[in-house]
Structures are given as structure tokens and as C-alpha cells.
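Numbering (my numbering), first residue to last: 786 to 1099.
C-beta: ideal position from N, C-alpha, C; glycine also.
Down below is the structure, laid out as C-alpha cells.
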Amino acid sequence: MTPIRLCFLTSFLALSACSPKDPAGEAAVPADGEEAVVKPRALVTVGTVQTDTLTDVLRLSAVSVFPAKDALRATTTGYVLPPTPVVGQLVRAGQTVFTIQTKESKTLHLDKLTGDPRLRFSGIIRITSARSGILATVDKLAGDYVQDGEQLGLTYDKSRFGFILDVPVTQLRYVHTGQSCRIFLPDGRELAGRVAEVLPTADVSIQTQRYTIRPVGPVPDLPENLTVQVEINRTAPHLASTLPRSAVLTDETQTEFWVMRLLNDSTAVKVPVTVGKEEKDRIEIKQPHFSAADKVLFSGNFGLDDTAAVKVNR
């Protein structure tokens, strides 16, 4: 290579190294009259941790039941007379629910013979309810022929209304008789309740112990076999630092959690956290401890990398 060509190549490389913008570089030096490229910043909102009173609760499903049922049975052979009661009808203790006419009375028309003092038996038998409750089933209608002892209907004892709760054996240490609890109906209403008694039965397949839950105070009219949610406190109320659910980010497997903390007016950094109980729209933060001066991103934090450029929306 001639000395002239070597000198030209050296000069070309030197000019290339001094060019204002390197295509493979991360930053570029603006030329005269040009503006520097500004990296876009995410628009975010920030806030601080809040101290709330939290309680660790055990939440399980329960089913409504009428444990005390009374069967109304015929005490003689005969025919059911009108009127026929209807399902859902409230009955009082001692109230006549069904009326039966014996087959002999119907054949001899004893119910129509009056005035003869020797005919003391009319053949009309009244079936009364032993206690107040709700008529759950009507098995016989007016005109039906029934045998002695045959079931006419079924009443529920409303005063014994409650719920059946199956507690996993791993959680039995948190449940005991007399304990207060909260009952959540499907329509959002909440009832106060207590653990009434433990039943001497367990489900072998799923390893649960059965309890009865009784409402405390006025109870609305509820059907049997209604599924509700029951909450029982596992720990006493305690103070804890919480953040809104939107401030806590996690990975796809929900094994790692973190928040974005504001480092300065324009930079947010990723801070791993240990979460605790979730209650409504807030999450307990166990570690690390955030002070009242720490600013945490509440919105606009999704998808941000560590040490991200941000702009606080004030």
C-alpha cells in the first residue's frame, strides 16, 4: 500500500470516530442547531403507606339447614278434607294443619248427623303442629286416601334455623364453640353468628369436622340449602402497613412481589416486598419497612423497568 493511500485511510477512520452520532451507541451528541433526543417518561401517581387494623380470618362456605323437622302423620285411616295447607305457610304450635275424616264416618255420613246426643263421634280427626314453624312439604291433598301413620307433611322449626359448616382438620385450632363469626349472604347482607356446637361426624374423604352456626339477632326468611360464606377470626386485630392493590406488582406465578418507589422527582426504582394479608382493595406489606416519607407509585407502574424515568401527575 502506498504512503498516500495509507494516510487517506487513517484520516477517514479518525473522522468516523469523531462523528456526532454513533448508530450503535446508546446516546448521541447533538450537532449544531439540533435538539437532544428526550427519553419519554411514564405518567404516574404516587402515595404513601397507610396503617390499618387487620385481622387474619378463616373464610369457609356453609349451608343453611333446619335441623329440627317435624313430620305430620295421619293418626287414622281416612280421607283428607279441605282446605289443604300450602308450602311455606307459617304454623303455630297447636294449630290444625290437616283434617282427616275416617272411612267409617264418610260411609255412614256421621259428620252430617246432628242432634242425637248418642253420636258423640263425628269421625273428624284434626292433625295439629307440635311446635311453631314453617310448612316445608305437603304430601297429601284434599280428597286423598291415607293410611294410619302415613306422612301428610313436614314442618321446619324456625327457631332452630342455622348453618352447617365443614372445617378442615388443619384449621380446627381456630374454631371452638361459642366463638363469634360473620355470615355473608349471597345478596351481600351480613349477619352476626356464633359457633353453636360441634357435631360428632367427620368426612373421611376430605377430612373435615362439622359444626353448626347459629345466627344472632333477627334472621330474614331464608330457604334451606342456601350456600353462604362464614368468616371466623384466626388472630386478634393488629396494626399493619398497607398499600393499594394497584401499587403491588407480581410475576406470572405470583411468587415474587415488588413496588416501584420514587427515588427522586423523575426516577422510580424497583423494590422487592413481602406481602401478607389481603383485605378488600389493600395488601399488607410485611417487608421492607416504608416510612411516611417514601413515595410509592400507585398508578402507571405496570411494565416499568428498574430505574425507570417517570413524571408525577400532581
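- Exposed is the label assigned to F1087, since fewer than 16 other Cβ atoms lie within 10 Å of its Cβ.
- At least 8 Å separates the beta-carbon of S890 from that of G918.
- In the DSSP annotation of this structure, the continuous segment of the beta strand (DSSP E) that includes F948 starts and ends at 947 to 953.
- Between the segment 982 to 993 and the segment 822 to 837 there are fewer than three C-beta pairs closer than 8 Å, too few to call the two in contact.
- Taken atom to atom, the span from the alpha-carbon of A856 to that of Q932 is near 15 Å.
- With a cutoff of 8 Å on beta-carbon distance, I1017 and L843 are scored as near each other.
- Exposed is the label assigned to I991, since fewer than 16 other Cβ atoms lie within 10 Å of its Cβ.
- In this structure, D1066 and P1029 form a Cβ contact; the two beta carbons are roughly 6 Å apart against a cut-off of 8 Å.
- Per the C-alpha coordinates, the member of S846, D1090, L828 positioned closest to C966 is S846.
- Annotated three-state conformation of K891 is helix, per DSSP.
- It is roughly 6 Å from the alpha-carbon of P1057 to the alpha-carbon of F1042.
- Spatial neighbours of T1059 in its own chain (CB-CB distance under 6 Å, excluding positions within 5 residues in sequence) are listed in chain order as K1071, Q1072.
- Boundaries of the beta strand (DSSP E) around H1023: 1023 to 1029.
- If you compare the alpha carbons of F946, Y959, G863, T993 with that of K925, the shortest gap goes to G863.
- At least 8 Å separates the beta-carbon of G938 from that of F851.
- Pairing I910 with T881 gives a Cβ-Cβ distance that is not under 8 Å.
- Restricting attention to beta strand (DSSP E) runs no shorter than 3 residues, the segment 1030 to 1076 encloses them at 1042 to 1049, 1052 to 1064, 1067 to 1072, ordered along the chain.
- I968: member of the beta strand (DSSP E) spanning 965 to 969, first to last residue.
- G928 is the residue among G928, L976, T955 whose C-alpha sits nearest the C-alpha of T869.
- Cβ neighbours of N1010 within its own chain (closer than 7 Å, five residues either side excluded): V848, S849.
- Here T1092 is not near T1040, since their CB atoms are 8 Å or more apart.
- In the displayed model, S914 falls within coil according to three-state DSSP, outside both helix and strand.
- A direct Cα-Cα distance of roughly 22 Å separates I949 from G873.
- Counted as a single uninterrupted DSSP element, the beta strand (DSSP E) harbouring S1084 occupies residues 1081 to 1084.
- The residues A827, M1045, A1053, in chain order, have a CB closer than 7 Å to that of L1089 in the same chain once the five nearest residues on each side in sequence are set aside.
- Taking C-beta atoms as the reference points, Y996 and V960 count as a pair closer than 8 Å.
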